[in-house]
Amino acid sequence: MANAAGFVPDPKTLATVGRLDLKARGLVEGFLAGMHRSPYLGSSVEFAQHRGYVAGDDLKHLDWKVWGKNERYYIRQYRAETNLVAWVLVDCSASMDYAGAKAADGQSKLAWARLAAAAVSWMVLLQSDAVGLCTFAGDVQEFVPRSSRKDHLQRICAALETTTSEARTGIGPALAKAAERIRSRGIVVLISDLFVETADLVKGLARLRHDGHDVIVIHVLDDDELNFPFAGQVQFHGLELDQKVMLNPRQIKATYLAELEKHITAIDAACRGNGIDHILASTAMPVDVVLSAYFNKRAAMSSAGARGAI
Amino acid sequence: MTFLAPLLAALAALGAVPVIIWLLNRNRYQVVRWPALEFLLRIMQQRKRRIQLREIILLVLRTLAVVLMALALARPTVASGGLALLGLRGGVSAVIVLDHSLSMAARDGTASRLDAAKLRAQELVSRLPRGSSAALVLHSDIAVAELAEPSQDLAYVAQAIAAAPQGDGGSSVVAGLTQALEILRDTPGRREIYLVGDMQAAGWPALDDRAWKNLVEELAKPAAPALFLVDSGSTAPATQVQVESFAADDDLVTSDAPTAFTVRLRNRGGAPVQDVAVELWADDATGELRKAAGALVARLETVAEQRLEARLAPGLRRVQVRLAPDHLPGDDARQVVVEAVDKVRVLVVDGAEGVRGGGAEYLSAALAPLAALASGGAEGAPADLFRVEVIGANALATTDLSAYQAVILNDPAAPSPGLGEALRSWVADGRGLILLPGARASAAAWNAVLAPIAPAALAAAPRELSDETGAKGQGLATTGLVHPIVSFFATPEAQPFLATPRFWRAHELMPASGSTVVLRFGDGKPALVERLLGRGVVLMAAFPSERTWSDLPLRPAFLMLTRRMVQHAALGNRPRLNVRVHDPIQLLVPARLAGTRIEVSDPRGGRSVLHPSAAADGTARVELAESPYAGFYHLQGGQRSWWFAANPPAGESDLAALSRDEALARLQPASAMWIAPGEDATGRLDRARAGIEIWPFLFALAVLCLVAESILVVKWAPRDA
Chain H
1094 MANAAGFVPD PKTLATVGRL DLKARGLVEG FLAGMHRSPY LGSSVEFAQH
1144 RGYVAGDDLK HLDWKVWGKN ERYYIRQYRA ETNLVAWVLV DCSASMDYAG
1194 AKAADGQSKL AWARLAAAAV SWMVLLQSDA VGLCTFAGDV QEFVPRSSRK
1244 DHLQRICAAL ETTTSEARTG IGPALAKAAE RIRSRGIVVL ISDLFVETAD
1294 LVKGLARLRH DGHDVIVIHV LDDDELNFPF AGQVQFHGLE LDQKVMLNPR
1344 QIKATYLAEL EKHITAIDAA CRGNGIDHIL ASTAMPVDVV LSAYFNKRAA
1394 MSSAGARGAI
Chain V
-6 MTFLAPLLAA LAALGAVPVI IWLLNRNRYQ VVRWPALEFL LRIMQQRKRR
44 IQLREIILLV LRTLAVVLMA LALARPTVAS GGLALLGLRG GVSAVIVLDH
94 SLSMAARDGT ASRLDAAKLR AQELVSRLPR GSSAALVLHS DIAVAELAEP
144 SQDLAYVAQA IAAAPQGDGG SSVVAGLTQA LEILRDTPGR REIYLVGDMQ
194 AAGWPALDDR AWKNLVEELA KPAAPALFLV DSGSTAPATQ VQVESFAADD
244 DLVTSDAPTA FTVRLRNRGG APVQDVAVEL WADDATGELR KAAGALVARL
294 ETVAEQRLEA RLAPGLRRVQ VRLAPDHLPG DDARQVVVEA VDKVRVLVVD
344 GAEGVRGGGA EYLSAALAPL AALASGGAEG APADLFRVEV IGANALATTD
394 LSAYQAVILN DPAAPSPGLG EALRSWVADG RGLILLPGAR ASAAAWNAVL
444 APIAPAALAA APRELSDETG AKGQGLATTG LVHPIVSFFA TPEAQPFLAT
494 PRFWRAHELM PASGSTVVLR FGDGKPALVE RLLGRGVVLM AAFPSERTWS
544 DLPLRPAFLM LTRRMVQHAA LGNRPRLNVR VHDPIQLLVP ARLAGTRIEV
594 SDPRGGRSVL HPSAAADGTA RVELAESPYA GFYHLQGGQR SWWFAANPPA
644 GESDLAALSR DEALARLQPA SAMWIAPGED ATGRLDRARA GIEIWPFLFA
694 LAVLCLVAES ILVVKWAPRD A
């Protein structure tokens, strides 16, 4: 998929992901009619329901057949098909530069995130929806406006390719700045390792939710981070912190894993609290497996009609 | 702590291996650029101390396990000194048994054996482990605990060793070791006995000696103190002549004739000695020792006897024989004290008063022959030793006996009542009574009246004597002649004199308790019995001085026996004037001296004071518990003085020493370590003090460390999530 010469999405992955129908789960505002239903009820071709007439309603939506039978005024409402706008936010902080031994194809978290971002973008474009890209670390690095053109993928891939990792100052401000540039409501897919302060992260995610976005957090970690498989004496150098620590990993493995579990649980709880899907992914797993699993699950939940199908 | 395999103790250096591995591992690490360093920093902040502590604990346990294992391989042993590490008493309790017998005075050049032994003993004391204590026993033929309790002040012990005097006694290893065992009996911890001396063979008893057997059994016990035989050197001198014995030929010495002394010389050296000068010294009437006689032994092979004569003044006289000093001066002189008898007034109470040819005449003729020849009267001429007076039995009650030194009751018929008690006090004051019962003596009357003083009771009737063939008459026994009265007859030359007289009749004597049989008939029945009474002596014969019962008055033996009996009786209950070194000196003095001061001067100028204690028999007793040195002892008090002589045992001059193997063999089944002269025994002593092997303990500790390390490693190991 990705290689050192440049970033090109793996066609196989893209094909696998592309066969999935990405369905919006909530209310998405869009311009183009398509396979996605609008979160708003209004005039359209597909009847949704009646409601009582109130003063000011357009008389053209008055259902005269009901008046004729019951002599009551009801307004006909229709479910409108809307276009999806998806924003992919990719964390390019230095911590994303880690590539463990078990990572699929030896790719770093950033490489995995690039691929996932491209895959999601391509999937959205295949559905004739619009997709935009924003990469960030301490600040917004690259911002690619939304577009539904198929060749828009080239631009997104180019932006991803030029992105380099850099030190992070905080995810909250970065997400806030990204939110300012995302005008249209839609789905925001955040791909990050989330080695940040949970409170800071929650603040950023809340801002996106406040703007009406449906947020999906793909929490990508390396297998080393998830299992801490080191042995012997190891000196850990910080990727973002200019510090080092010498230790025997076996001595602190349990504690580390407990701390990590606590961290992930806190993020998961914060996401749930804000109606955000939190997907924990390992770079040891191929991107397509992760995305397929998630979107299958999301489709199943949509069919159940809890919050409307995606 | 010492090691039986000390080289393996070097393996303890392997204890550094875990530390080295730990240090190497600290420098051999993998570098990982890590995203979530905040996590690790936070964790390390919380757990750094605990992790470091655990690392140190595990490292210590591993190191300990290796070190303990290596030490266990080296077979360490811990003595009581090592036990101090465990909080128990450290050091050893030692007893230095220093031989200061006469043989230790032998000199080889300038230093004596005792000097060398002292240096050796001080060296041993200085090398005792820290925390040790030592006692000091000086032994010759007796043991004296100079330091009866082990002292931790070893400098003081060394001083006591340096101050140990040269003794003149014999040597007895049994005495020294027994005393040392007694000192260490209840002493805890490791105990050691150092027998320091010349290992003189004469000091070691025969293997079948009961005391030696008991001692060896005691030393062979597992918990017995360790024994070290420290040979301080025993090179035998090339020439050594000893005065082996020296005594007057006769125990009864008179001042009226020269006294003969026999000196027995023994050459202990390896080669004959030429021209050995022997000098006899005796004190004159002024009390000064002067050379009285001399002789030259031209060639002394092994043993030679020399006879010397000297006329002695009356009273207690010191006589000494001297040789030229050689390598062992202590045996080049020997001394005796003799009491030369001057004029003795004797009262003969004649039972056959007025009868011509009676016993009194025989007695007078025997005691004062010159007077008898001159005048036929009882008044002795000046040349006679004895001045004899004869009275009838009836006159005894009215006679003042205080002027007589001896009284002879020759067959009085019936002693007057009260005579026994009267004679008792007279005898107890230091005089002699001789009872010669004969035909006139009534057994009942004699037994009744003289019971308080008589050495024996008389049987109801005299007995008729016959020899083993049934023939009439019986002689005197010539065996067991040890009493001073009869010892003169012990020689083969004199025995026929005693054997010749024939006795046809005699009283049967039944000795009283405490009496001594001096002479017996051929059939073993007592012929002469002695009883000591206060300071006096009572002799009782089974026959009178009569021809009717025996032919003794006609025989030369009568003269000898009568004079010796009277002389002995007149001297009273004499103290033992000549003793062996370390024997007590005892003296009976008049009762009036009880509680007064008796000043004692020993041969080396030491002075002490004794106080006579009253005895039940009307006398007072003085006793010097020990005579530590050879030479003359002078006792003075109550305007009187007494001399005593002490001599070392003759065998002490035999300087032959036991070899290592001989000494160790004699100690079997006990064991000992032999330390040769000049040997630096520090290492051997350390090994001997090794004590108990503790490798099992160390091995168990090592295993315990490994088990603990394993448990902790498992306990502290990270749980895989």
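Protein chains in written order, with this note's numbering: chain H, 1094 to 1403; chain V, -6 to 714.
Using N, Cα and C, we set each Cβ at its ideal position, and we do this for glycine too.
In chain H, which residues lie less than 9 Å from residue i when you measure between Cβ atoms?
{"i": "I44 of chain V", "result": "L1340, N1341, Q1344, I1345"}
{"i": "W688 of chain V", "result": "Correct list: empty, because the minimum Cβ distance to chain H is about 35 Å."}
{"i": "E672 of chain V", "result": "None at all; the shortest Cβ gap to chain H is about 57 Å."}
{"i": "L51 of chain V", "result": "Near L51 of chain V there are no residues of chain H at all, since even the closest Cβ is about 11 Å away, more than 9 Å."}
Just to confirm my understanding: we take residue i, look at its own chain, exclude 5 residues before and 5 after, and list those with CB closer than 6 Å. What are they?
{"i": "V271 of chain V", "result": "V256, A288, Q299"}
{"i": "A663 of chain V", "result": "V209, L212, A213"}
{"i": "E1122 of chain H", "result": "Unreliable positioning characterises E1122 of chain H in this predicted model, as indicated by a pLDDT of 31, which lies under 50. A coordinate reading is not provided."}
{"i": "F1329 of chain H", "result": "V1338"}
{"i": "A436 of chain V", "result": "L451, A453"}
{"i": "P307 of chain V", "result": "S248, A333, D335"}
{"i": "E501 of chain V", "result": "A452, R456"}
Could you work out which residue in the options is closest to residue i when comparing CA atoms only?
{"i": "Q328 of chain V", "options": "V:P642, V:A104, V:A6, V:D679", "result": "V:P642"}
{"i": "L177 of chain V", "options": "V:R203, V:Q159, V:V706, V:A127", "result": "V:A127"}
{"i": "N1367 of chain H", "options": "H:D1151, H:H1303, H:D1293", "result": "H:H1303"}
{"i": "A114 of chain V", "options": "V:A483, V:Q172, V:L66, V:E185", "result": "V:E185"}
{"i": "V582 of chain V", "options": "V:D422, V:P181, V:E116", "result": "V:D422"}
{"i": "L434 of chain V", "options": "V:G468, V:S480, V:A499", "result": "Per the sequence shown, the amino acid found at residue 434 of chain V is Ala instead of Leu. Among V:G468, V:S480, V:A499, the Cα nearest to that of A434 of chain V is on V:A499."}
{"i": "L1319 of chain H", "options": "H:R1169, H:F1236, H:A1374", "result": "H:A1374"}
{"i": "R304 of chain V", "options": "V:P265, V:L564, V:S248", "result": "V:S248"}
{"i": "G644 of chain V", "options": "V:E48, V:E354, V:A359, V:A194", "result": "V:A194"}
{"i": "A520 of chain V", "options": "V:S538, V:R528, V:D191", "result": "V:S538"}
Can you name the residues of chain V whose CB is closer than 9 Å to the CB of residue i?
{"i": "G1325 of chain H", "result": "N18, R21, Y22, Q23"}
Apart from the five residues on each side of it in sequence, which residues of its chain come closer than 8 Å, Cβ to Cβ, to residue i?
{"i": "L1298 of chain H", "result": "L1268, L1283, V1308, V1310, A1363, C1364, N1367, I1369"}
{"i": "A87 of chain V", "result": "L117, V118, L121, S125, S126, A127, A128, P143, R184, E185, I186, Y187"}
{"i": "P577 of chain V", "result": "E616, L617, A618, E619, S620"}
What does residue i touch in chain H if you count any residue whose Cβ is under 8 Å from its own?
{"i": "E185 of chain V", "result": "Those do not exist, as E185 of chain V stays about 54 Å from chain H at its closest Cβ, beyond 8 Å."}
{"i": "L33 of chain V", "result": "F1329, V1338, L1340, I1345, Y1349"}
Is residue i buried or exposed, if buried means 16 or more other CB atoms sit within 10 Å of its CB?
{"i": "M206 of chain V", "result": "First, the amino acid is wrong: residue 206 of chain V is Lys here, not Met. Per the 10 Å Cβ criterion, exposed."}
{"i": "S119 of chain V", "result": "exposed"}
{"i": "S125 of chain V", "result": "buried"}
{"i": "N640 of chain V", "result": "buried"}
{"i": "L366 of chain V", "result": "exposed"}
{"i": "D460 of chain V", "result": "exposed"}
{"i": "V90 of chain V", "result": "buried"}
Taking 7 Å as the limit between beta carbons, can you name the residues of its chain near residue i, skipping five residues before and five after?
{"i": "L107 of chain V", "result": "H93, M97, A98, Q159"}
{"i": "V10 of chain V", "result": "V59"}
{"i": "S480 of chain V", "result": "D244, L474"}
{"i": "P410 of chain V", "result": "V442"}
{"i": "G478 of chain V", "result": "Residue identity check: residue 478 of chain V is Ile in the sequence provided, not Gly. Closer than 7 Å at Cβ, skipping near neighbours: V511, R557, M558, H561."}
Who are the neighbours of residue i on chain V, taking C-beta pairs under 7 Å?
{"i": "T1348 of chain H", "result": "I36, R40"}
{"i": "D1286 of chain H", "result": "P28"}
{"i": "L1353 of chain H", "result": "F32"}
Name the chain H residues whose beta carbon is nearer than 7 Å to that of residue i?
{"i": "E702 of chain V", "result": "Chain H residues near E702 of chain V: none, gap ~15 Å exceeds 7 Å."}
Who are the neighbours of residue i on chain V, taking C-beta pairs under 8 Å?
{"i": "E1318 of chain H", "result": "P28, A29"}
{"i": "Y1191 of chain H", "result": "R26, W27, P28"}
- Message: Closer than 8 Å is the cut-off here; do at least three beta carbon pairs connect the segment 315 to 322 of chain V with the segment 330 to 347 of chain V?
- Response: The segment 315 to 322 of chain V is not in contact with the segment 330 to 347 of chain V.
- Could you say if the segment 1364 to 1384 of chain H and the segment 26 to 33 of chain V meet the contact criterion of at least three C-beta pairs nearer than 8 Å? By the Cβ test, the segment 1364 to 1384 of chain H is not in contact with the segment 26 to 33 of chain V, since fewer than three Cβ pairs between them sit closer than 8 Å.
- Task: Check whether the segment 1140 to 1157 of chain H touches the segment 1177 to 1184 of chain H, counting contact only when three or more Cβ pairs, one atom from each stretch, lie closer than 8 Å.
- Result: Not touching, per the Cβ criterion.
- Item | Contact the segment 379 to 390 of chain V vs the segment 477 to 495 of chain V: 3+ CB pairs below 8 Å | No, the segment 379 to 390 of chain V does not touch the segment 477 to 495 of chain V.
- Item | Validate contact between the segment 129 to 143 of chain V and the segment 589 to 598 of chain V using beta carbons, cut 8 Å, 3 pairs | With a cut-off of 8 Å, the segment 589 to 598 of chain V and the segment 129 to 143 of chain V do not count as touching, because too few Cβ pairs lie within range.
- Item | Touching by the beta-carbon criterion (3+ pairs, under 8 Å), the segment 1219 to 1232 of chain H and the segment 1248 to 1262 of chain H | Cβ pair count under 8 Å is three or more, so yes.
- Do three or more CB pairs link the segment 221 to 229 of chain V to the segment 277 to 287 of chain V at distances below 8 Å? These segments do not touch.
- Sufficient close CB pairs (3 or more, under 8 Å) joining the segment 352 to 359 of chain V to the segment 529 to 536 of chain V: Short answer: they don't touch.
- Query: Three or more beta-carbon pairs under 8 Å between the segment 62 to 69 of chain V and the segment 156 to 176 of chain V, yes or no?
  - Reply: Taking 8 Å as the limit for Cβ pairs, the verdict is that the segment 156 to 176 of chain V does not touch the segment 62 to 69 of chain V.
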